[in-house]
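Following: one structure in structure tokens, then a few remarks.
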Amino acid sequence: ETGVTQTPRHLVMGMTNKKSLKCEQHLGHNAMYWYKQSAKKPLELMFVYSLEERVENNSVPSRFSPECPNSSHLFLHLHTLQPEDSALYLCASSQQTAANYGYTFGSGTRLTVV
Amino acid sequence: SQQGEEDPQALSIQEGENATMNCSYKTSINNLQWYRQNSGRGLVHLILIRSNEREKHSGRLRVTLDTSKKSSSLLITASRAADTASYFCATDNQAGTALIFGKGTTLSVSS
Numbered sequence: 001e002t003g004v005t006q007t008p009r010h011l012v013m014g015m016t017n018k019k020s021l022k023c024e025q026h027l028g029h030n031a032m033y034w035y036k037q038s039a040k041k042p043l044e045l046m047f048v049y050s051l052e053e054r055v056e057n058n059s060v061p062s063r064f065s066p067e068c069p070n071s072s073h074l075f076l077h078l079h080t081l082q083p084e085d086s087a088l089y090l091c092a093s094s095q096q097t098a099a100n101y102g103y104t105f106g107s108g109t110r111l112t113v114v
Numbered sequence: 115s116q117q118g119e120e121d122p123q124a125l126s127i128q129e130g131e132n133a134t135m136n137c138s139y140k141t142s143i144n145n146l147q148w149y150r151q152n153s154g155r156g157l158v159h160l161i162l163i164r165s166n167e168r169e170k171h172s173g174r175l176r177v178t179l180d181t182s183k184k185s186s187s188l189l190i191t192a193s194r195a196a197d198t199a200s201y202f203c204a205t206d207n208q209a210g211t212a213l214i215f216g217k218g219t220t221l222s223v224s225s
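Chains as they are written, first to last, in this note's numbering: chain F, 1 to 114; chain X, 115 to 225.
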């Protein structure tokens with residue numbers, strides 16, 4: 001285990017469903033991130049949180065809604081998704097948002113929208 | 115927006131051979147990082163090299179950085195089947211708040 005836990009590992013949802021992805025870290029890190037990884041595309045940065053405050057929203061559609069209730073937990077709430085949103089969603093954490101620190105990634109949630 | 119770009123996209127070698135992957139980037143950086151990803155899993159941090167460093171070693175990994183050419187290379191020596199994975203370089207975004215990753219190099223090591 002990396003210290004960053006993502007649940008569920010796999011998720012299949014219909015376009016009208018509402019679901020949430022969960023990420024948890026107990027590394028004492030202050031920054032957490034959501035990335036989307038689609039086939040044949042680079043990792044896309046979605047959201048950045050520092051000390052529970054959102055510091056970046058990378059032009060992500062409103063059907064994705066992040067929540068960071070404390071520095072150990074990060075959620076991604078999903079509603080009315082499209083088939084093109086099917087991807088591997090990766091959560092990561094680091095000591096701070098500055099890029100001087102390595103990231104610790106979770107194993108990801110494989111999302112399929114049907 | 116994409117900052118780093120790895121080359122080649124795919125690389126196939128035999129066990130025991132060395133593997134070299136390259137990364138080019140566009141704007142000035144504070145540091146550059148390399149990550150490995152096994153199929154369908156999360157990324158694992160391998161090494162961070164700062165802009166004032168030219169070379170760094172970690173076990174069988176050697177990373178070089180040439181800021182004048184805006185490029186970095188990752189060398190894996192004496193490769194093993196377990197090294198089969200995708201390798202990504204990452205640099206900081208313009209705001210300095212997060213890492214931006216390239217498309218990666220897919221390495222296949224056969225025994």
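A virtual CB, placed ideally from N, CA and C, is assigned to each residue, including glycine.
Of the residues the options, the one placed nearest residue i, counting alpha carbons only
i	options	result
Pro-122 (chain X)	X:Ala-133, X:Gln-128, X:Glu-129	X:Ala-133
Thr-5 (chain F)	F:Ser-72, F:Phe-64, F:Gly-102, F:Arg-63	F:Ser-72
Leu-162 (chain X)	X:Asp-206, X:Ser-224, X:Ala-196	X:Asp-206
Asn-152 (chain X)	X:Thr-219, X:Thr-198, X:Arg-168	X:Thr-198
Phe-64 (chain F)	F:Lys-18, F:Gly-3, F:Thr-109	F:Lys-18
Leu-11 (chain F)	F:Gly-106, F:Thr-2, F:Leu-78	F:Leu-78
Ser-187 (chain X)	X:Ile-127, X:Ala-212, X:Trp-148	X:Trp-148
Leu-51 (chain F)	F:Lys-36, F:Glu-1, F:Leu-74	F:Leu-74
Ser-126 (chain X)	X:Leu-175, X:Ser-185, X:Ser-200	X:Ser-200
Ile-214 (chain X)	F:Ser-62, F:Gln-37, F:Leu-111	F:Gln-37
Arg-155 (chain X)	F:Thr-104, F:Pro-69, F:Arg-54	F:Thr-104
Leu-98 (chain X)	X:Cys-137, X:Gly-210, X:Gly-173, X:Thr-211	Beyond the ends of chain X as shown, which are 115 and 225, falls residue 98 (chain X); an answer cannot be given.
Glu-129 (chain X)	X:Lys-183, X:Ala-209, X:Thr-191, X:Glu-120	X:Thr-191
Ala-92 (chain F)	X:Glu-120, X:Lys-183, X:Gly-118, X:His-159	X:His-159
Thr-80 (chain F)	F:Pro-66, F:Val-113, F:Thr-7	F:Val-113
Arg-150 (chain X)	X:Glu-120, X:Glu-167, X:Lys-183	X:Glu-120
Strand pairing of residue i, partner residues [DSSP]
i	result
Gly-199 (chain X)	According to the sequence shown, residue 199 (chain X) is Ala rather than Gly. X:Leu-221.
Asp-85 (chain F)	Its beta-bridge partners do not exist; DSSP assigns none.
Phe-93 (chain F)	Reading off the sequence, residue 93 (chain F) comes out as Ser, not Phe. For Ser-93 (chain F), which the question treats as bridged, DSSP gives the partners F:Met-32, F:Thr-104.
Met-13 (chain F)	F:Val-113
Arg-54 (chain F)	F:Tyr-49
Val-60 (chain F)	For Val-60 (chain F), which the question treats as bridged, DSSP gives no partner whatsoever.
His-287 (chain X)	Residue 287 (chain X) cannot be examined here, being either before or after the span of chain X that is shown, 115 to 225.
Lys-18 (chain F)	F:His-79
Leu-74 (chain F)	F:Cys-23
Ser-185 (chain X)	X:Ser-138, X:Asp-180
Thr-205 (chain X)	X:Leu-146, X:Ile-214
Leu-157 (chain X)	X:Gln-151
First and last residue of the uninterrupted beta strand (DSSP E) at residue i
i	result
Thr-191 (chain X)	Per DSSP, Thr-191 (chain X) belongs to no beta strand (DSSP E) and is neither H nor E.
Thr-134 (chain X)	133-138
Pro-66 (chain F)	64-70
Thr-7 (chain F)	4-7
Met-32 (chain F)	31-37
Gln-128 (chain X)	124-128
Ser-165 (chain X)	Careful: Ser-165 (chain X) lies outside any beta strand (DSSP E) and carries neither H nor E.
Gln-151 (chain X)	145-151
Tyr-1 (chain F)	Reading off the sequence, residue 1 (chain F) comes out as Glu, not Tyr. From DSSP, Glu-1 (chain F) is part of no beta strand (DSSP E); its letter is neither H nor E.
>> Beta carbons nearer than 9 Å to chain X: which residues of the segment 82-112 of chain F have them?
In response: Leu-88, Leu-90, Cys-91, Ala-92, Ser-94, Thr-97, Ala-98, Ala-99, Asn-100, Tyr-101, Gly-102, Tyr-103, Thr-104, Phe-105, Gly-106, Ser-107, Gly-108, Arg-110
> Do the segment 81-92 of chain F and the segment 130-144 of chain X touch if we need at least three Cβ pairs shorter than 8 Å?
Replying inline: In the pairwise beta carbon analysis, the segment 81-92 of chain F is classified as not touching the segment 130-144 of chain X: fewer than three pairs are separated by under 8 Å.
> Any chance the segment 39-46 of chain F sits against the segment 58-66 of chain F, with 3 or more Cβ pairs inside 8 Å?
Replying inline: yes
> Taking a cut of 9 Å between CB atoms, which residues from the segment 147-173 of chain X lie near chain F?
Replying inline: Listed by position along the chain: Gln-147, Tyr-149, Gln-151, Gly-154, Arg-155, Gly-156, Leu-157, Val-158, His-159, Leu-160, Ile-161, Leu-162, Arg-164.
>> Under 9 Å, CB to CB, which of the residues in the segment 195-215 of chain X have a partner in chain F?
In response: Phe-202, Ala-204, Thr-205, Asp-206, Asn-207, Ala-209, Gly-210, Thr-211, Ala-212, Leu-213, Ile-214, Phe-215
> For the segment 49-69 of chain F, which residues have a beta carbon sitting closer than 8 Å to at least one beta carbon of chain X?
Replying inline: Result list: Ser-50, Val-55, Glu-56.
> Below 8 Å, can you find three or more Cβ-Cβ pairs linking the segment 94-109 of chain F to the segment 30-40 of chain F?
Replying inline: yes
> Taking a cut of 7 Å between CB atoms, which residues from the segment 3-23 of chain F lie near chain X?
Replying inline: none
> What residues in the segment 178-195 of chain X have a beta carbon less than 7 Å from any beta carbon of chain F?
Replying inline: none
> Taking contact to mean at least 3 C-beta pairs separated by less than 8 Å, is the segment 205-219 of chain X in contact with the segment 98-110 of chain F?
Replying inline: yes
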